[in-house]
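Peer 1:
Numbering (the working numbering), first residue to last: 963 to 1969.
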């Protein structure tokens, strides 16, 4: 992916911005902290993958806006593409993917955002995780790989290579294996439970027969008690009917008593109310006189209230006019003060411009020096263009020569490891032979036990057949016994018929046939007992044989494993004869490889061309540091251009201030004159005098108004007394009529009360005629209820037995199905255990890491050689000798991931290297990992973004870092280095400067 252009609209700190990448090869993104450097990278990841550092999707919007859009044009596989992603706050996201053709761009988008995102990833062959771990070298991640322990380094490789997918598969396989094992355990338990239930069939049938007899006895007793209860309930219902009538009459008597008491209270209340009304009517003359005085005072108060309202309105008008006059005066004073403040401000700004205007000569001198520095830099740039192809060819030759040396070195190490392994195999041959003999003896012993097991099985089969014959004979005897019983039933009646000829038997022959049949029946019964005893003996013998067969089966379980080990040892011993010849051949190859590496006779044509290139470069005498100093000199005097712009701006402002001053002075004089003449010329003065005269003409007296109000409140009760008098005159006839009606109802209720009392006495006599059987009925009902509960329990148990017998028929089928499922579950458990081991850390994951390390080592040394001038070499060691090895067997090899670093002084620990050297080592490993990740994703790494610890480097370190970046520049289409350090950005010829203001971040490309 090669970026071409990036357009931002309301994205994070940017309001409107456009960045053209065309022509940028190695550039620096620089600016202060928080200026918006990282926002450019976030815009690229957001437009392509829809992901950024923002917590939510709406957080990418610029503050105060509701719409965001990012347009990104790039080249991939020699084809130009364009991605447009937009979003409205709180709404959905829009995504458009286009490809360039002859007339512009045509769409490649799918149906919806998700479908379009899949098309983009498939086209780039690069997802978000691979991008941030390959093309983007983030700060703080360079030395992460080197500072970890060997086991943790393998974990980092696994994380970067996304081997956790295999770990997920391993966990899934383990989970499925556990599920299958749990399923098998459950099935095993279920089989045992089913077998126990099936063994309960005969016991359940016996319990069911006993329960049927108990149910029949309970039902007979229940019928007798229910008949007796019915007779008692008839008599008790008659008694209860008369009791209900008595209770109803008693209730009516209580209701009459309550009504009688209520009417008595009503009569007393009406009498008292009538007396009060008569007294109020007697005071009629006095109440009417007081009411007339109250009306006169009320009329006088209404007149004074009207005068009060008019007085208040006139006073409010007077106050409003005063406020408007004061407002005019304040407004004129404010305008005058504002114009005076503007004059003071103009004077202050003119004084601030004087220092800038005084620097005119100094600025012209700086511009002349800037032009001279640009000419020197242009000459060095032309020399760099001549040197760059030579450096690139020199790097290619060095890389090719180093690759050849690395191949021979790797081949040598491989042969040495293989020879060491063969030597160990040769040392293990005597012990393997002893193990082989011992294993052969164990297998022979187990095979003897296997033959004995077969004989035990044959004997068990013979006893099982004999038992089946005895059972068949027993069934035949039982059938004959049943037939003889039927014959005896026919012979046990008078005038019986012969079972054979069907003729009547006389007494002698009848007795003879009867005795013969009984004798035959007794012989058959004795024979059945003998057969049962023989069957029991066979069953005990079979149990003994089964136990012995099972014990032998347990002893034979290791046989398959031992035979497998036997085959392996036999194959190893057969190969041991070939190992000696192979070891001699490997030693010869090792000697040849060591001689070639020691004498450095590899690729002579490449070495000769490399010497010629070094001579040509020395003749050109190009120095990268001198070039960087020339660029720094240009940047040093570049600020003169900015100072010239500031000078021109100051001259323009001075002229503007001088033109604005006379107008401001004239406005101040006019405002001062208007303020002096305001009291005489204002239109509000006449209105104020008219309002004051209106208040005097009204002549409102507040004290008189208060006196009338006090007298009116004093006469207020006379109005209430007058209203009460009118109500009393209306209510008195009605109350007298209600009093007469209450006295009449009292007489009627007393008569009804005497009638009800006589009826209660008659009903009580009828109740005494019937006896009370309530206790007997309750006892019978309790007995019947208890017996019914017992009967229900028995019936429920009977239903349970019936259901259990039906379930046992179904359980027999389930038992067979469970056995089949148990075998299947055990088979699946074994399969998924093998899969879990294959997907685990010691399976596919370890194999992939072992395969990727040689490629990573070669790529790292290829980059490190270019950064250090072939001074450093790095090696990954995946195995080392353990301290727990023995002298006889040799050191035990354990897995590790150590990193050995060699320089001209020898091999040293990583911690002993300086900061700059360690950074180049870390940078080489990190870039190699990035390239591998990109290659695994199926794409070329054409864009590189570096944001690594530049702040920890001194000026010399910065120069080395720039040289390192320039050394690898030919491998990438675009390299962007992010920093906020001024001394670092001056080392780049092309810069993207980011500035932030109140309107948002802005971009400026400087070449």
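Glycine residues also receive a C-beta, built at the ideal position from the N, C-alpha and C atoms. From a predicted model like this one, the values you see are computed outputs, not experimental measurements.
If you follow the alpha helix (DSSP H) that residue 1637 is in, where does it begin and where does it stop?
Peer 2: Unbroken alpha helix (DSSP H) run through residue 1637: 1586 to 1638.
Peer 1: Determine the burial state of residue 1592: buried for a count of at least 16 other Cβ atoms within 10 Å of its Cβ, exposed for fewer.
Peer 2: Buried, since its Cβ has 16 or more Cβ neighbours within 10 Å.
Peer 1: Taking 8 Å as the cut-off, does the region 1508 to 1523 touch the region 1427 to 1444 (at least 3 CB pairs, one atom from each stretch)?
Peer 2: As far as the Cβ criterion goes, the region 1427 to 1444 does not touch the region 1508 to 1523, which means the pair count is below three.
Peer 1: Taking residue 1633 and residue 1301 to be in contact with their CB atoms under 8 Å, please state how far apart those CB atoms are, rounded to whole angstroms.
Peer 2: About 7 Å separates the two Cβ atoms, so the contact holds.
Peer 1: According to DSSP, is residue 1866 helix, strand or coil?
Peer 2: Note: residue 1866 maps to coil in three-state DSSP.
Peer 1: Pull up the distance between the alpha-carbon of residue 1802 and that of residue 1003, whole angstroms please.
Peer 2: Looking at the two C-alpha atoms, the distance is approximately 37 Å.
Peer 1: State buried or exposed for residue 1029, treating a residue as buried only when at least 16 other CB atoms are found within 10 Å of its CB.
Peer 2: Exposed, because fewer than 16 other Cβ atoms sit within 10 Å of the Cβ of residue 1029.
Peer 1: Less than 8 Å between the beta carbons of residue 1482 and residue 1450, yes or no?
Peer 2: Result no, Cβ atoms of residue 1482 and residue 1450 do not sit closer than 8 Å.
Peer 1: Please classify residue 1909 as buried or exposed, where buried requires at least 16 other C-beta atoms within 10 Å of its C-beta.
Peer 2: Residue 1909 is buried by the Cβ-count criterion.
Peer 1: For the alpha helix (DSSP H) holding residue 1752, just list the boundary residues, first then last.
Peer 2: Start and end: 1736 to 1801.
Peer 1: Return the residue from the list 1681, 1237, 1864, 1477 that minimises the CA-CA distance to residue 1252.
Peer 2: When only C-alpha atoms are compared, the closest one is 1681.
Peer 1: Counting Cβ pairs closer than 8 Å, one from the region 1663 to 1678 and one from the region 1255 to 1269, do we hit at least three?
Peer 2: Taking 8 Å as the limit for Cβ pairs, the verdict is that the region 1255 to 1269 does touch the region 1663 to 1678.
Peer 1: By a C-beta neighbour count over all protein chains shown, 10 Å radius and 16 as the cutoff for buried, is residue 1494 buried or exposed?
Peer 2: Burial call: exposed.
Peer 1: What residue range does the alpha helix (DSSP H) around residue 1253 cover?
Peer 2: Here the alpha helix (DSSP H) through residue 1253 covers 1246 to 1319.
Peer 1: Does DSSP put residue 973 in a helix, a strand or coil?
Peer 2: Strand.
Peer 1: Answer yes if the region 1793 to 1813 comes into contact with the region 1338 to 1357, meaning at least three C-beta pairs across the two stretches below 8 Å, and no otherwise.
Peer 2: The region 1338 to 1357 vs the region 1793 to 1813: no contact.
Peer 1: Between the C-alpha atoms of residue 1858 and residue 1597, what's the straight-line distance to the nearest angstrom?
Peer 2: Each residue's alpha carbon lies about 50 Å from the other.
Peer 1: For the region 1041 to 1104, list the alpha helix (DSSP H) runs that are entirely contained and at least 4 residues long, ordered along the chain.
Peer 2: As far as the region 1041 to 1104 is concerned, its whole alpha helix (DSSP H) runs of at least 4 residues are 1075 to 1086, 1090 to 1096.
Peer 1: Would residue 1787 pass as a contact of residue 1142 if the rule is Cβ separation under 8 Å?
Peer 2: In this structure, residue 1142 lies closer than 8 Å to residue 1787 by Cβ.
Peer 1: Under 8 Å by Cβ, that's how I've got residue 1708 and residue 1225 pegged, so tell me the actual separation to the nearest angstrom.
Peer 2: Right, their Cβ atoms sit about 5 Å apart.
Peer 1: Given a threshold of 16 other Cβ atoms within 10 Å of its Cβ, counted over all protein chains shown, does residue 1146 qualify as buried or as exposed?
Peer 2: With 16 or more Cβ atoms within 10 Å of its Cβ, residue 1146 is classed as buried.
Peer 1: Under a three-way DSSP split, which group does residue 1720 fall into?
Peer 2: Residue state, collapsed to three classes: helix.
Peer 1: Can at least three beta-carbon pairs, one atom from the region 1548 to 1567 and one from the region 1377 to 1388, be found at a separation below 8 Å?
Peer 2: They touch, by the three-pair rule.
Peer 1: Check whether the Cβ atoms of residue 1820 and residue 1365 lie closer than 8 Å to each other.
Peer 2: It is a contact, given that the beta carbons lie within the stated cut-off.
Peer 1: How is the alpha helix (DSSP H) around residue 1577 delimited, first residue to last?
Peer 2: Note, residue 1577: alpha helix (DSSP H), 1566 to 1582.
Peer 1: Looking at the structure shown, is residue 1949 part of a helix, part of a strand, or coil, going by DSSP?
Peer 2: Three-state result, residue 1949: coil.
Peer 1: Determine contact between the region 1202 to 1211 and the region 1706 to 1725, defined as no fewer than three beta-carbon pairs at a distance below 8 Å.
Peer 2: Touching, yes, given that three or more Cβ pairs across the two stretches are closer than 8 Å.
Peer 1: Between the region 1740 to 1751 and the region 1158 to 1165, are three or more C-beta pairs nearer than 8 Å?
Peer 2: They do not touch, by the three-pair rule.
Peer 1: In its own chain, which residues sit with a C-beta less than 8 Å from the C-beta of residue 1729, not counting the 5 before and 5 after it?
Peer 2: Answer for residue 1729: 1201, 1204, 1205, 1208, listed in chain order.
Peer 1: I'd like to know whether the C-beta of residue 1830 is nearer than 8 Å to at least one C-beta of chain B.
Peer 2: Among the chains in the structure shown there is no chain B, since it carries only a single protein chain.
Peer 1: For the alpha helix (DSSP H) containing residue 1966, list its first residue and its last residue.
Peer 2: Element bounds for residue 1966: not the alpha helix (DSSP H) but the beta strand (DSSP E), 1962 to 1968.
Peer 1: What's the C-alpha gap between residue 1748 and residue 1154?
Peer 2: Distance between the alpha carbons of residue 1748 and residue 1154: 39 Å.
Peer 1: Could you check what DSSP says for residue 1696 in three-state terms: helix, strand or coil?
Peer 2: Of the three classes helix, strand and coil, the one that applies to residue 1696 here is helix, per DSSP.
Peer 1: Look at the alpha carbon of residue 1340 and the alpha carbon of residue 1075, and state the distance between them as a whole number of angstroms.
Peer 2: Approximately 49 Å between the Cα atoms of the pair.
Peer 1: Could you pull the DSSP bridge partners for residue 1958 from this structure?
Peer 2: DSSP, once it has assigned bridges, lists 1963 as partnering residue 1958.
Peer 1: Closest by CA to residue 1701, which one among 1649, 1233, 1216?
Peer 2: Nearest of 1649, 1233, 1216 to residue 1701, Cα basis: 1233.
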